[in-house]
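S.K.: Residue numbers (the working numbering), protein chains in the order written: chain A, 90 to 201; chain B, 42 to 159.
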Amino acid sequence: GQSLEQPSEVTAVEGAIVQINCTYQTSGFYGLSWYQQHDGGAPTFLSYNGLDGLEETGRFSSFLSRSDSYGYLLLQELQMKDSASYFCAVSVSSGSARQLTFGSGTQLTVLP
Amino acid sequence: GAVVSQHPSRVICKSGTSVKIECRSLDFQATTMFWYRQFPKQSLMLMATSNEGSKATYEQGVEKDKFLINHASLTLSTLTVTSAHPEDSSFYICSARTNRPTAKNIQYFGAGTRLSVL
Chain A
90 GQSLEQPSEV TAVEGAIVQI NCTYQTSGFY GLSWYQQHDG GAPTFLSYNG
140 LDGLEETGRF SSFLSRSDSY GYLLLQELQM KDSASYFCAV SVSSGSARQL
190 TFGSGTQLTV LP
Chain B
42 GAVVSQHPSR VICKSGTSVK IECRSLDFQA TTMFWYRQFP KQSLMLMATS
92 NEGSKATYEQ GVEKDKFLIN HASLTLSTLT VTSAHPEDSS FYICSARTNR
142 PTAKNIQYFG AGTRLSVL
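#1: Could you name the residues of the same chain whose beta carbon sits closer than 8 angstroms to that of D68/B, not counting the 5 residues immediately before and after it, in chain order?
#2: When the cut-off is 9 angstroms and only beta carbons count, does G153/B lie next to chain A?
#3: I think I110/B touches S130/B, with their Cβ atoms under 8 angstroms apart; what is that distance to the nearest whole Å?
#4: Pull up the CB-CB distance for Q95/A and S193/A, whole angstroms please, since I reckon it's below 8 angstroms.
#5: Mind checking if S193/A is an interface residue toward chain B, Cβ cutoff 9 angstroms exclusive?
#6: Give the C-beta separation of V181/A and T112/A to the nearest angstrom, bearing in mind that I take them to be a contact with Cβ-Cβ under 8 angstroms.
#7: Check whether the Cβ atoms of L216/B and A125/B sit closer than 9 angstroms, and answer yes or no.
#8: Between which two residues does the beta strand (DSSP E) harbouring R51/B extend?
#9: Would you call the segment 140–155 of chain A in contact with the segment 163–172 of chain A, where contact means no fewer than 3 C-beta pairs closer than 8 angstroms?
#10: In whole angstroms, give me the CA-to-CA distance for H112/B and V102/A.
#11: Can you tell me which of T190/A, M169/A, F176/A puts its alpha carbon nearest to the alpha carbon of T100/A?
Structure, rendered in structure tokens:
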């Protein structure tokens, strides 16, 4: 099976930088994804790392170390609208499909 | 990005009735769609993987006779919750993957269906 660990809650102020860590244990690992979900809404894709290193997309960056089974999501210049739940998810191969297994989520609260 | 439409967004029904939820990929073909269930303040739990033209693959602990999945075309998958009971009340979300090489690792999610069984 798969297991992922990420902090349950993080609080930061507007303009700050926040890092959300994710460690995982899985077999058939393809890559690590990050999704954002606002209350009552659909998860939206933020970033994907298939290889070691840093991926940057605007204010968001994601990092992966396959040897350490570890990744993180970095959010810079925090805005109030960034308050949401953030999920790391591992892509694993299951039969003919590539599935996502989600972590338990990190609730980010951005304070003014 | 790709768009996935899920309908209805909210359902309130009596215990014992069946509820059908539709998931459509609007601007791409999805050979594989996924159905998740999410309880408040919890993570998304994969229920089943839906493959066009074949039987769905259910995760351990998910009753296939309770949660009927049909993926009749490359753009439509349906989840039917049969004989719904209050414990089935949850947020059900579908997602789909495209075959585009640049997006093969991304799942696009529908807006979800909040089911309340009275």
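Ideal Cβ positions, reconstructed from N, Cα and C, are used throughout, including at glycine.
M.R.: In short, the structure shows the following:
#1: Start at 1 with the first residue of the second sequence, and residue 68/B comes out as number 27. Here the set comprises A43, V44.
#2: Counting from one through the second sequence, the residue named residue 153/B turns up at place 112. So yes, G153/B belongs to the interface.
#3: Mapped onto the second sequence, residue 110/B falls at position 69. Mapped onto the second sequence, residue 130/B falls at position 89. At roughly 19 angstroms, the Cβ-Cβ gap does not stay under 8 angstroms, so I110/B and S130/B are not in contact.
#4: Along the first sequence, one-based indexing puts residue 95/A at 6. Along the first sequence, one-based indexing puts residue 193/A at 104. About 7 angstroms separates the two Cβ atoms, so the contact holds.
#5: The residue you call residue 193/A lines up with position 104 of the first sequence. So, interface residue.
#6: Translated into positions along the first sequence, residue 181/A becomes position 92. Translated into positions along the first sequence, residue 112/A becomes position 23. 15 angstroms between Cβ atoms; not a contact.
#7: Only positions 42 to 159 of chain B appear in this structure, which leaves residue 216/B out of reach.
#8: For the purposes of this step, residue 51/B is identified with residue 10 of the second sequence, where counting begins at 1. Where R51/B is concerned, the enclosing beta strand (DSSP E) stretches over 51–54.
#9: yes
#10: Stepping through the second sequence from its first residue, residue 112/B is reached at position 71. Stepping through the first sequence from its first residue, residue 102/A is reached at position 13. Their Cα atoms are separated by approximately 45 angstroms.
#11: Counting from one through the first sequence, the residue named residue 100/A turns up at place 11. For T100/A, the nearest C-alpha among the options comes from M169/A.
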